[in-house]
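Please read the structure below before turning to the comments.
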Amino acid sequence: MHRSKNMGVLLFMLVTGVLIGSLLGAVLSRFIPLLSYGPGPLGIKEFGIDLSIISFQLSFLIDLNLAGLLGVIIAVLIFKKL
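Structure representation (structure tokens):
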């Protein structure tokens with residue numbers, strides 16, 4: 745149970761790191777354009793299932809940039825310190 749708790753904390757920290765890093769990259773890209781450099785949106789653009797009675801539409805995109813990557817690295821370093 746201890747290991748699964750650590751994995752949950754790591755996953756939470758990684759997601760938080762990429763979100764905060766990407767947000768800072770978007771805000772600071774006006775002053776430091778290098779922070780917004782990245783491959784663009786990655787993920788599933790549109791995936792749909794139509795069962796005639798009910799239909800599902802799913803999209804999952806993440807706009808990864810250099811600042812988001814730095815956020816992930818910082819999150820991993822903080823996790824190792826815990």
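All residue numbers for the sequence shown refer to our numbering, where the first residue is 745 and numbers rise by one.
Don't be surprised by glycine CBs; every beta carbon is placed ideally from N, CA and C.
Helix or strand or just coil, what does DSSP make of residue i?
{"i": "Pro785", "result": "strand"}
{"i": "Leu802", "result": "strand"}
{"i": "Phe775", "result": "coil"}
{"i": "Ile793", "result": "strand"}
Select from the options the residue whose C-alpha is nearest the C-alpha of residue i.
{"i": "Ala770", "options": "Leu814, Leu758 and Asn809", "result": "Asn809"}
{"i": "Gly782", "options": "Ser766, Leu826, Ser799 and Leu754", "result": "Ser766"}
{"i": "Pro777", "options": "Ala811, Leu755 and Gly815", "result": "Ala811"}
{"i": "Ile806", "options": "Glu790, Gly784, Phe775 and Ile822", "result": "Gly784"}
{"i": "Gly787", "options": "Leu802, Ile797, Ile818 and Phe775", "result": "Leu802"}
Over the uninterrupted alpha helix (DSSP H) stretch that includes residue i, give me the two end residues.
{"i": "Leu821", "result": "Leu810 to Lys825"}
Would you decide whether residue i is buried or exposed? Buried here means 16 or more other CB atoms lie within 10 Å of its CB.
{"i": "Tyr779", "result": "Inspection of the sequence shows that residue 779 is occupied by Leu rather than by Tyr. It counts as buried."}
{"i": "Val762", "result": "buried"}
{"i": "Val753", "result": "exposed"}
{"i": "Gly792", "result": "exposed"}
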